[in-house]
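Enquirer: Residues 6 to 492, numbered by our numbering, are exactly what the sequence shown covers, in order.
Positions of the beta carbon are idealized from the N, C-alpha and C atoms, including for glycine.
Have a look at the structure that comes next, please.
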Amino acid sequence: MNQRTLLRRGFTDLDDLGDTVLDHSTHVKDPIHGYIPLSEDMLQIIDTPQFQRLRSLKQMGTSYFVFPGGSHNRFEHCIGTAFLAGEVVQGLAKRQPELEISVRDIRCVTLAGLCHDLGHGPFSHVFDNEFIPRAQPGAQWSHEMGSEMMLDHLIDDNAIDFLDSADIAFIKQLIRGTTTPMRDEKMFLFDIVANKRNGVDVDRFDYVQRDCYNVGEPSSYDFSRLILNSRVIDDEICYNQKEAFNLTEMFHTRYSMHKRVYSHRAAKAIEFMIVDAMLIADPVLHISQAVTDPRRYQTLTDNLLYEIERSTEPELQAARDLIARIHVRDTYKFVDEYILPPDLVSAIDSSVTPVAIVGFRSDNDDFVEHDVLVDICRIHFGKGSENPIDHVRFFSKYNTTEKYHIGRELISICVPEKYEERILRIYTRSPAKRGQIQRATRRLIDKLNRNVPSSPGSSPPASSITPNRALTIPATPANTKRRRLQL
Numbered sequence: 006m007n008q009r010t011l012l013r014r015g016f017t018d019l020d021d022l023g024d025t026v027l028d029h030s031t032h033v034k035d036p037i038h039g040y041i042p043l044s045e046d047m048l049q050i051i052d053t054p055q056f057q058r059l060r061s062l063k064q065m066g067t068s069y070f071v072f073p074g075g076s077h078n079r080f081e082h083c084i085g086t087a088f089l090a091g092e093v094v095q096g097l098a099k100r101q102p103e104l105e106i107s108v109r110d111i112r113c114v115t116l117a118g119l120c121h122d123l124g125h126g127p128f129s130h131v132f133d134n135e136f137i138p139r140a141q142p143g144a145q146w147s148h149e150m151g152s153e154m155m156l157d158h159l160i161d162d163n164a165i166d167f168l169d170s171a172d173i174a175f176i177k178q179l180i181r182g183t184t185t186p187m188r189d190e191k192m193f194l195f196d197i198v199a200n201k202r203n204g205v206d207v208d209r210f211d212y213v214q215r216d217c218y219n220v221g222e223p224s225s226y227d228f229s230r231l232i233l234n235s236r237v238i239d240d241e242i243c244y245n246q247k248e249a250f251n252l253t254e255m256f257h258t259r260y261s262m263h264k265r266v267y268s269h270r271a272a273k274a275i276e277f278m279i280v281d282a283m284l285i286a287d288p289v290l291h292i293s294q295a296v297t298d299p300r301r302y303q304t305l306t307d308n309l310l311y312e313i314e315r316s317t318e319p320e321l322q323a324a325r326d327l328i329a330r331i332h333v334r335d336t337y338k339f340v341d342e343y344i345l346p347p348d349l350v351s352a353i354d355s356s357v358t359p360v361a362i363v364g365f366r367s368d369n370d371d372f373v374e375h376d377v378l379v380d381i382c383r384i385h386f387g388k389g390s391e392n393p394i395d396h397v398r399f400f401s402k403y404n405t406t407e408k409y410h411i412g413r414e415l416i417s418i419c420v421p422e423k424y425e426e427r428i429l430r431i432y433t434r435s436p437a438k439r440g441q442i443q444r445a446t447r448r449l450i451d452k453l454n455r456n457v458p459s460s461p462g463s464s465p466p467a468s469s470i471t472p473n474r475a476l477t478i479p480a481t482p483a484n485t486k487r488r489r490l491q492l
């Protein structure tokens with residue numbers, strides 16, 4: 006029995022709610038949720054150029070270059086998120102009629118789930134996290150802002166008339182996860198699509214499950230149980246205490262996917278190359294300017310690489326060369342990696358730079374600043390250094406009107422003490438210089454270790470950064486060039 010079947014057990018007999026999203030006109034088959042009903046309202050949004058654009062945006066960005074199964078797109082994720090948003094809000098309406106959830110609430114929450122990723126750019130988070138900060142330093146732009154812009158454009162361009170201005174403003178707030186709702190008595194609605202309180206939302210339910218499914222990674226939590234065992238207490242969505250470990254597993258699965266998939270070394274190397282190609286192309290194609298022009302942004306998808314490849318401008322030759330290198334797997338190379346002690350993160354962040362690494366070259370080294378790339382990867386359970394479970398409230402089957410916190414010691418003794426890690430990674434644009442750059446980096450790290458103050462009464466430093474001997478590049482590396490398959 007799939008999760009879709011389990012969910013539908015709890016969501017029937019809602020006819021008294023009137024003309025809701027349950028009055029669907031068609032179904033689509035989804036590998037995660039089974040048959041998903043689509044209402045006329047949803048179809049009016051889906052059948053537009055602005056929404057169809059999501060078919061050309063890979064959900065997992067450059068991870069697809071490493072995990073061939075990760076070929077799914079933002080399109081199906083948004084439909085799945087809308088389905089779950091509708092199931093959550095309709096389930097709450099059925100179980101707790103005293104909440105007075107209206108037809109408008111159901112429609113707006115569902116459409117917020119449907120439209121929440123309209124604003125993603127090429128290769129998803131690569132665009133807003135890596136490209137825009139370098140193309141427009143200091144610009145305060147996010148894909149959520151892009152989603153609001155594209156929602157306005159979609160409505161205006163397609164004469165959508167079933168939403169009034171208040172509905173549109175409400176949907177935008179739900180996408181942002183704004184904590185100042187238009188109606189104070191329904192704060193819990195903002196816990197559904199983009200939960201800023203604790204990160205337990207339908208966006209995460211769908212993308213974690215969908216990404217795991219497509220790349221073949223195990224998922225050890227069950228979001229259908231979380232939905233069925235939720236209720237609103239004091240304007241906050243809370244969960245039955247028996248789901249505490251299930252929630253812990255959800256956060257751990259998210260961490261595991263970031264550790265093993267989203268932050269894969271090879272995917273990050275290709276990400277650097279794509280960002281370099283886009284930065285080279287930006288003065289010609291004006292890519293970064295599209296964030297304020299919805300008509301231009303509508304054409305901006307992962308197909309941007311093909312647009313660059315097909316170009317003939319001499320100014321884009323360097324970008325074309327980078328894309329050609331990706332096709333033949335002649336990528337930037339990983340050099341070294343260090344898991345950082347929490348108390349040294351800020352010092353390392355400011356001390357390990359391409360310029361600093363160049364300063365530790367030996368006399369025979371010939372690499373330059375441009376050859377070195379530094380990345381500090383931040384991986385956590387969903388709330389930075391905090392335990393996200395500390396921000397979730399639970400209830401008991403014996404008292405469903407009182408919410409309370411569950412300490413980690415009541416969930417399991419086998420839970421982590423830390424919930425965030427920073428990984429320092431060094432890459433190079435010049436694969437032949439990997440060894441030089443690694444040795445210079447390690448000389449820099451050794452100096453930083455010696456400069457770390459000791460704890461009172463101890464001779465070794467309070468913390469130090471330890472190189473991974475298994476990653477040491479020999480002074481004369483073996484020939485590891487891949488051979489073509491001989492048939």
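Return helix, strand or coil for C120, following the three-state DSSP convention.
Expert: Reduced to three states, the DSSP call for C120 is helix.
Enquirer: With DSSP as the reference, label T253 as helix, strand or coil.
Expert: Residue state, collapsed to three classes: helix.
Enquirer: Starting from T86, trace the alpha helix (DSSP H) in both directions and tell me its first and last residue.
Expert: Note, T86: alpha helix (DSSP H), 79-100.
Enquirer: What does a CB cutoff of less than 8 Å around S30 pick up in its chain, not counting 5 residues either side in sequence?
Expert: Excluding residues within five positions, the ones whose Cβ falls inside 8 Å are L43, S44, E45, L48.
Enquirer: From the DSSP output, read off the bridge partner residues of G387.
Expert: Answer is none; G387 lacks a bridge partner.
Enquirer: If you follow the beta strand (DSSP E) that D341 is in, where does it begin and where does it stop?
Expert: Where D341 is concerned, the enclosing beta strand (DSSP E) stretches over 338-345.
Enquirer: Going straight from the alpha carbon of D364 to that of M262, what length do you get?
Expert: It is worth fixing the name first, because residue 364 is Gly in this sequence and not Asp. Spanning the two alpha carbons is a distance of roughly 36 Å.
Enquirer: In chain order, which alpha helix (DSSP H) runs of at least 4 residues are fully inside the stretch 358-405?
Expert: Complete alpha helix (DSSP H) runs here, min 4: 359-363.
Enquirer: How big is the Cα-Cα spacing for C113 and F175?
Expert: Answer to the nearest angstrom: the Cα atoms are 7 Å apart.
Enquirer: Of all the options Y337, H410, P393, which has the alpha carbon lying nearest to the alpha carbon of S401?
Expert: For S401, the nearest C-alpha among the options comes from H410.
Enquirer: Indicate whether N520 and V397 have their beta-carbon atoms separated by less than 7 Å.
Expert: Outside the displayed span of the chain (6 to 492) sits residue 520, for which this structure offers no information.
Enquirer: Just the C-alpha distance for A199 and V350, rounded to the nearest angstrom, thanks.
Expert: In a straight line, the C-alpha of A199 is about 29 Å away from that of V350.
Enquirer: I need the DSSP call for R202, collapsed to helix, strand or coil.
Expert: Residue state, collapsed to three classes: coil.
Enquirer: What would DSSP say about I428, mapped onto helix, strand or coil?
Expert: Looking at I428 - three-state DSSP - the assignment turns out to be strand.
Enquirer: Taking Cβ to Cβ, would you say Q443 is nearer than 7 Å to I478?
Expert: Yes, they are a contact pair.
Enquirer: Of the residues I279, S316, Y432, which one's Cα is nearest the Cα of I362?
Expert: The shortest C-alpha separation from I362 is found at Y432.
Enquirer: If we cut at 7 Å on Cβ distances, does V213 have a partner in chain B?
Expert: Protein chains in the displayed structure number just one, and chain B is not present.
Enquirer: Give the range of the beta strand (DSSP E) segment to which L43 is assigned.
Expert: Unbroken beta strand (DSSP E) run through L43: 39-44.
Enquirer: From N219 to S76, what distance separates their C-alpha atoms?
Expert: So the two alpha carbons sit approximately 8 Å from each other.
Enquirer: Quick check for students: name the residue ranges of the beta strand (DSSP E) that lie wholly in the stretch 233-300, counting only runs of 3 or more.
Expert: For the stretch 233-300, whole beta strand (DSSP E) runs of length 3 or above, ordered along the chain, are 235-238, 241-245.
Enquirer: To which residues of the same chain is D348 closer than 6 Å at the C-beta, ignoring the five residues directly before and after it?
Expert: Result list for D348: S468, in chain order.
Enquirer: If I'm right that Y343 touches L429 with Cβ under 8 Å, what's the distance once you round it to whole angstroms?
Expert: With a Cβ gap of about 4 Å, Y343 and L429 count as contacting.
Enquirer: Please look up how many angstroms separate the CB atoms of A323 and I285, rounded, as I've assumed it's under 8 Å.
Expert: Their Cβ separation, rounded to whole angstroms, is 5 Å, which keeps A323 and I285 in contact under 8 Å.
Enquirer: Which partner residues of V350 appear in the DSSP bridge assignment?
Expert: According to DSSP, which records beta bridges pairwise, V350 is partnered with nothing at all.
Enquirer: In the DSSP assignment, what residue or residues form a beta bridge with D35?
Expert: Partner(s): G39.
Enquirer: For V108, is the classification buried or exposed, using 16 other Cβ atoms within 10 angstroms of its Cβ as the cut-off for buried?
Expert: Its Cβ having fewer than 16 others within 10 Å, V108 is exposed.
Enquirer: Out of D376, R315, S293, state which residue places its alpha-carbon closest to the alpha-carbon of L305.
Expert: The shortest C-alpha separation from L305 is found at S293.
Enquirer: What is the DSSP secondary structure of T446, reduced to helix, strand or coil?
Expert: T446: helix per DSSP, three-state reduction.
Enquirer: Quick one: Cα of F372 to Cα of K438, how far?
Expert: Their Cα atoms are separated by approximately 7 Å.
Enquirer: Going by CA-CA distance only, name the one from S170, T253, C83 that's closest to L59.
Expert: Answer by Cα proximity: C83.
Enquirer: For the stretch 138-185, list the beta strand (DSSP E) runs that are entirely contained and at least 3 residues long, ordered along the chain.
Expert: Counting whole runs of 3 or more residues, the stretch 138-185 contains no beta strand (DSSP E) stretch at all.
Enquirer: Can you look up E314 in the DSSP assignment and give me helix, strand or coil?
Expert: The answer is helix: DSSP assigns E314 an H, G or I state.
Enquirer: What separation, rounded to the nearest whole angstrom, lies between the Cα atoms of S147 and L89?
Expert: C-alpha separation (whole angstroms): 24 Å.
Enquirer: Could you check if A295 is buried or exposed, using at least 16 other CB atoms within 10 Å of its CB as the buried criterion?
Expert: Label assigned to A295: buried.
Enquirer: Where does K63 sit, in a helix, a strand or coil, going by DSSP?
Expert: Looking at K63 - three-state DSSP - the assignment turns out to be strand.
Enquirer: Have a look at R447 and L156 and give me their C-alpha separation to the nearest angstrom.
Expert: Those two C-alpha atoms are separated by around 49 Å.
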